[in-house]
Amino acid sequence: MYRTIEHQADIAVEIKAVDRAGLFCTALEALVSLLTGNKERVSLSDCSQVVISASGYDDEECLVDLLNELIFLCQVHKKFPVAIRDVHFDADQEVSAKIFVLEASKERAMYREIKAATYHNLRIIKSPSWRTEIVFDV
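Under this note's numbering, read the sequence shown as residues 116 to 253, first letter to last.
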């Protein structure tokens with residue numbers, strides 16, 4: 116589950132999940148929603164699949180790096196994300212996710228530009244459920 120929360124000049128989301136993979140998956144889904152506006156329903160069979168990955172010193176660094184990999188995929192490779200699947204931890208601090216994408220186009224443009232996921236007040240709380248707040252620079 117995620118929800119957007121008030122933040123001065125940027126966009127912030129609160130993420131809650133039952134486990135680590137769920138937290139990362141929900142954070143990616145929130146980013147997809149912010150980027151695309153969730154305005155288009157597409158069959159996954161029409162999409163190509165891209166795997167993004169990140170590593171870091173701790174869960175916070177892994178999460179920010181993974182979110183920024185998705186932003187990079189959209190901005191530089193002109194991909195339009197549709198769905199997130201298979202968030203997987205390869206080692207303690209290495210994570211990957213399968214992203215279903217379409218080619219971006221005039222008809223399929225991003226709803227808003229997000230520059231980056233930030234470390235601003237970022238802390239992942241692991242008990243009793245996993246939760247965090249992520250601030251995106253717009």
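Built from N, CA and C at the ideal position, the CB exists for glycine as well.
Note that the coordinates shown come from a computational prediction; the quantities given were computed from them, not determined experimentally.
- The bridge partners DSSP lists for ARG246 are LYS131 and ILE240.
- Inclusion of PHE251 and ALA132 in the CB contact set at 9 angstroms is not warranted, their separation being larger than that value.
- DSSP places GLU228 outside both helix and strand once states are collapsed to three, so it counts as coil.
- For VAL202, the enclosing beta strand (DSSP E) begins and ends at 194-206.
- With respect to GLU175, ILE239 sits close: the two C-beta atoms are nearer than 9 angstroms.
- GLU176: member of the alpha helix (DSSP H) spanning 174-191, first to last residue.
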